[in-house]
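Report on one structure; see the data block that follows.
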Amino acid sequence: MILTLKPNTPKKDIDLICRKIEELGFKPHLSKGKEVIVIGVIGQNAILKKDIFEAMDAVAFITPISKPYKLVSREFKKENTIIKIDNLKIGGKEIIVAAGPCSVETKELLLEIAEDAKKSGAKMIRGGAFKPRTSPYAFQGLGEEGLKYLAEARKKTGLLVITEVMNVKQVGIVTKYTDIIQIGARNMQNYDLLKEVGKARKPVLLKRGLSATIEEFLMSAEYILSNGNYDVILCERGIRTFETATRFTLDLNAVPVIKKLSHLPVFVDPSHGVGVREYIPAMSKASIACGADGLLLEVHPHPEKAFSDGPQSLLPKQFDVMMKELRLVAESVGRGL
Ligand code: PEP
Ligand code: MN
Numbered sequence: 000m001i002l003t004l005k006p007n008t009p010k011k012d013i014d015l016i017c018r019k020i021e022e023l024g025f026k027p028h029l030s031k032g033k034e035v036i037v038i039g040v041i042g043q044n045a046i047l048k049k050d051i052f053e054a055m056d057a058v059a060f061i062t063p064i065s066k067p068y069k070l071v072s073r074e075f076k077k078e079n080t081i082i083k084i085d086n087l088k089i090g091g092k093e094i095i096v097a098a099g100p101c102s103v104e105t106k107e108l109l110l111e112i113a114e115d116a117k118k119s120g121a122k123m124i125r126g127g128a129f130k131p132r133t134s135p136y137a138f139q140g141l142g143e144e145g146l147k148y149l150a151e152a153r154k155k156t157g158l159l160v161i162t163e164v165m166n167v168k169q170v171g172i173v174t175k176y177t178d179i180i181q182i183g184a185r186n187m188q189n190y191d192l193l194k195e196v197g198k199a200r201k202p203v204l205l206k207r208g209l210s211a212t213i214e215e216f217l218m219s220a221e222y223i224l225s226n227g228n229y230d231v232i233l234c235e236r237g238i239r240t241f242e243t244a245t246r247f248t249l250d251l252n253a254v255p256v257i258k259k260l261s262h263l264p265v266f267v268d269p270s271h272g273v274g275v276r277e278y279i280p281a282m283s284k285a286s287i288a289c290g291a292d293g294l295l296l297e298v299h300p301h302p303e304k305a306f307s308d309g310p311q312s313l314l315p316k317q318f319d320v321m322m323k324e325l326r327l328v329a330e331s332v333g334r335g336l
């Protein structure tokens, strides 16, 4: 349930309410909006204790949250969440594009891709150092060495880094090097990992599971927020359907649906969603047109030699041309890029 406080409630009263919430075995989650301060009372059957809070002077009114996810829901927070990293605002007016190879391969290659991506207007460099591969015999990533290359690319270009963490043990090391922690589709329901990144002090990009419903996706995000990390980006990356013409089916329905249900920023990853280079520009444009706040894209200058996901990687030149087109789409929906 949500407690909406009376205007100008002093801090000591807010603290008192939070303490009471904890005493009752729930977790208080404070959200200071432009006009009102609300406190989420989060825990099983919290609503049964409604009377206790109703009797409090500072509480203006109480609203139950009807959805199973609470902190993630628009019922809890009306305004869009904007995540600020350095000068970048994720979830604001500007569309943020992250580009880079599927896997971090060599330092030279990563720096080359980062320089090109930056020139084309990308704001982040992507690349996996820990790779979740279907085959145990496929390239598994460079590990910490790859993270160091990413950090170097940030230093050289000013691009922010986004990279995947695959298990709880890696959270410390990945957090040390990255700006945004990526949770891959295959780990969307790895609840221990979600709890761990919930305790991290870096934003998290959570990818939708290959067969996850939107509700399951939002419940996974709830794990991260309820552990204290409110900076979560939700990323649609395609789901399994009966269709085989593309690698996955990019569920762009999810974008407006999630925007209605949640205040969190939404990204789309057309590279994995489609899996075929040729279709990426069309689906990138569609993603922006339907309300995405950002894109995650794979770019590689020699896709035929890429360690992973070559067939869906755009050439830097193609990426550059596409970015110009995306800018027009962004402007047509009142956004910038
Ligand atoms: C990736 O971004 O390289 C990746 C492995 O994505 P996903 O988890 O969506 O398959
Ligand atoms: Mn990939």
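Under numbering that gives the first Met the number 0, the residues of the sequence shown are numbered 0 to 336, in order.
Quick reminder that beta carbons are idealized off the backbone N, C-alpha and C, glycines included.
Could you have a look at Ser-286 and say whether DSSP puts it in helix, strand or coil? Helix, per DSSP.
Residue span of the alpha helix (DSSP H) that contains Leu-251, given as start and end: Boundaries cannot be given for Leu-251, as no alpha helix (DSSP H) includes it and DSSP labels it neither H nor E.
For the beta strand (DSSP E) containing Gly-39, name the first residue and the last one. Residues 36-41.
Please return the same chain residues whose Cβ sits closer than 7 Å to the Cβ of Gly-142, not counting the five positions on each side in sequence. So the qualifying residues of the chain are Ala-128, Phe-129.
Measure the C-alpha to C-alpha separation of Ala-220 and Glu-151 and round it to an integer number of angstroms. One Cα belongs to Ala-220, the other to Glu-151, and the distance between them is close to 30 Å.
Under a CB-based cut-off of 9 Å, is Ala-305 close to chain C? The question asks about chain C, but that chain is absent: this structure has only one protein chain.
Can you determine whether any heavy atom of the ligand MN sits closer than 8 Å to the C-beta of His-299, and answer yes or no? Result no, Cβ not under 8 Å from the ligand MN.
Less than 8 Å between the CB atoms is what I'm expecting for Thr-62 and Met-0, so what's the real figure, rounded? Distance from Thr-62 to Met-0 at the Cβ level is roughly 7 Å; contact confirmed, criterion being Cβ atoms closer than 8 Å.
Please go through the same chain and pick out, in chain order, the residues whose beta-carbon is closer than 8 Å to the beta-carbon of Glu-53, but skip the five residues on each side of it. Within the same chain, Cβ atoms closer than 8 Å to the Cβ of Glu-53 are found at Ile-61, the five residues on either side in sequence being excluded.
Which residues mark the beginning and the end of the alpha helix (DSSP H) in which Met-123 is found? Following the DSSP letters along the chain, one finds Met-123 in no alpha helix (DSSP H) but inside the beta strand (DSSP E) bounded by residues 123-125.
Output yes or no for whether 9 Å exceeds the beta carbon distance between Pro-280 and Val-298. At the C-beta level, Pro-280 and Val-298 stay beyond 9 Å of one another.
In the DSSP assignment, find the beta strand (DSSP E) that holds Val-96 and state where it starts and stops. Counting along the chain, the beta strand (DSSP E) containing Val-96 begins and ends at 95-99.
With Gly-145 as the anchor, note down where its alpha helix (DSSP H) starts and where it stops. DSSP places Gly-145 in the uninterrupted alpha helix (DSSP H) bounded by 143-156.
Under the criterion of a Cβ to heavy atom distance below 8 Å, does Gln-139 qualify as lining the ligand MN? Gln-139 Cβ: outside cutoff for every heavy atom of the ligand MN.
Going by the CB atoms, is the gap between Thr-8 and Ile-36 shorter than 9 Å? Contact flag set, yes.
Tyr-136 burial status per 10 Å Cβ neighbour count (16 or more: buried): Here Tyr-136 is exposed. Its C-beta has fewer than 16 other C-beta atoms within 10 Å.
The ligand MN and Gly-127: does any heavy atom of the ligand fall closer than 8 Å to the residue's C-beta? Shortest gap from the CB of Gly-127 to any heavy atom of the ligand MN: under 8 Å.
Continuous beta strand (DSSP E) stretch holding Lys-88: start and end: Boundaries of the beta strand (DSSP E) around Lys-88: 87-89.
If the criterion is Cβ atoms closer than 9 Å, does the pair Ser-270 and Leu-296 meet it? In this structure, Leu-296 lies closer than 9 Å to Ser-270 by Cβ.
Excluding the 5 residues flanking Gly-274 on each side, which residues of the same chain have their C-beta closer than 6 Å to its C-beta? Answer for Gly-274: Thr-245, Arg-246, Gln-311, listed in chain order.
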